[in-house]
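Chain order of the listed sequences is X and S. Residue numbering for the first sequence follows my numbering, beginning at 1 and increasing consecutively. Residue numbering for the second sequence follows my numbering, beginning at 1001 and increasing consecutively.
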Amino acid sequence: GENVEQHPSTLSVQEGDSAVIKCTYSDSASNYFPWYKQELGKGPQLIIDIRSNVGEKKDQRIAVTLNKTAKHFSLHITETQPEDSAVYFCAASRNGGTYKYIFGTGTRLKVLA
Amino acid sequence: DTAVSQTPKYLVTQMGNDKSIKCEQNLGHDTMYWYKQDSKKFLKIMFSYNNKELIINETVPNRFSPKSPDKAHLNLHINSLELGDSAVYFCASSPATGFSGNTIYFGEGSWLTVV
């Protein structure tokens, strides 16, 4: 079945350093890849997304890259700040009547001050 | 203004009880979802409704019954609660179904603890 693998499961970085989270998907028909940030006690919030016709997208300190051939995509956070500490989820979806996201297993990011 | 709101936020109940979680979205979306997040933070879809019609029903025990009185509401009723039902339940919505790129918006979650 459809599957999204996400690595690493935990990531600690020093404030100001960069963080990279990687995901691999199995369904070659996937064409939309959102990233969510979940802060403690809250629901996941969309932070950035990318469609399959684009290789890279950037929004201030956050960027996402997509390699369709290898079926993997990555989240890059530069100049990390303590408020970036959260659990991050990648997801993949495709067109179809039973539209749903397949989520990765999450990465707990800790930014150390 | 909360876009996707669910109640209650916290629920502690005994095994065998029946409980409901309510969800409402004011985004005008056609599609609503219930996701379950376990203690390891895994997010798994349970149900999806499009315009009050059930379109996704993952392998969820029959004790879980969703109800959508209208497209802005999706409630989750759980019968005969078990210890393993303890989790965070997220309601969510998206503009439509079937089209990739529809952002899913999540509520704040309902923390269910069965004792």
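Even for Gly, the Cβ is constructed at its ideal location relative to N, Cα and C.
Sequence-distant residues of its chain with Cβ nearer than 8 Å to residue i (five each side left out)
i          : result
LYS110(X)  : THR10, LEU11, SER12, VAL13 and SER85
ALA1096(S) : HIS1029, ASP1030, THR1031, ASN1050 and ASN1102
GLN38(X)   : PRO44, GLN45, ALA86, VAL87, TYR88, PHE89 and GLY106
Buried or exposed by the 16-neighbour rule on C-beta atoms within 10 Å, applied to residue i
i          : result
ASN1075(S) : buried
ARG94(X)   : buried
GLY41(X)   : exposed
PRO1069(S) : exposed
GLY104(X)  : buried
SER1110(S) : buried
ASP1085(S) : buried
PRO44(X)   : buried
GLY16(X)   : exposed
PRO82(X)   : exposed
VAL1114(S) : buried
SER26(X)   : exposed
GLY1107(S) : buried
Interface residues of chain S facing residue i [CB-CB closer than 8 Å]
i         : result
PHE73(X)  : Per Cβ cutoff of 8 Å: no residues; PHE73(X) is ~14 Å from chain S at best.
THR105(X) : LYS1040, LYS1041 and PHE1042
PRO34(X)  : THR1103 and ILE1104
Inter-residue spacing [alpha-carbon to alpha-carbon] between residue i and residue j
i          : j          : result
HIS1073(S) : LYS68(X)   : 37 Å
TRP1034(S) : LYS100(X)  : 11 Å
CYS1023(S) : PRO8(X)    : 33 Å
ALA19(X)   : GLY1028(S) : 36 Å
GLN1014(S) : VAL54(X)   : 50 Å
THR65(X)   : ASP1018(S) : 45 Å
SER30(X)   : SER52(X)   : 8 Å
GLY106(X)  : ASP49(X)   : 16 Å
TYR1080(S) : ARG1063(S) : Going by the sequence as given, residue 1080(S) is Ser instead of Tyr. In a straight line, the C-alpha of SER1080(S) is about 7 Å away from that of ARG1063(S).
ILE1021(S) : LEU1112(S) : 9 Å
ASN3(X)    : ILE21(X)   : 17 Å
THR80(X)   : GLN60(X)   : 12 Å
THR78(X)   : LYS1071(S) : 40 Å
Contacts around residue i, its chain only, beta-carbon distance under 6 Å, and the 5 residues preceding and following it disregarded
i          : result
ASP1038(S) : ALA1087
Proximal chain S residues relative to residue i, where beta-carbon distance stays under 9 Å
i        : result
GLY55(X) : Those do not exist, as GLY55(X) stays about 16 Å from chain S at its closest Cβ, beyond 9 Å.
Sequence-distant residues of its chain with Cβ nearer than 7 Å to residue i (five each side left out)
i          : result
LEU46(X)   : PRO34 and TYR36
ILE1045(S) : TYR1033, TYR1035, ILE1056 and GLU1058
Proximal residues of chain X, C-beta to C-beta of residue i below 7 Å
i          : result
ILE1104(S) : TYR101
Chain-ordered neighbours of residue i on chain S, where CB pairs are closer than 7 Å
i        : result
LEU46(X) : THR1103
Contact set between residue i and chain X, taken where Cβ atoms lie within less than 9 Å
i          : result
ILE1045(S) : LYS100, TYR101, ILE102 and PHE103
* Inter-stretch contact at 8 Å, needing at least 3 Cβ pairs: the segment 1042-1059 of chain S / the segment 1002-1012 of chain S -> Contact fails: fewer than three Cβ-Cβ distances are below 8 Å.
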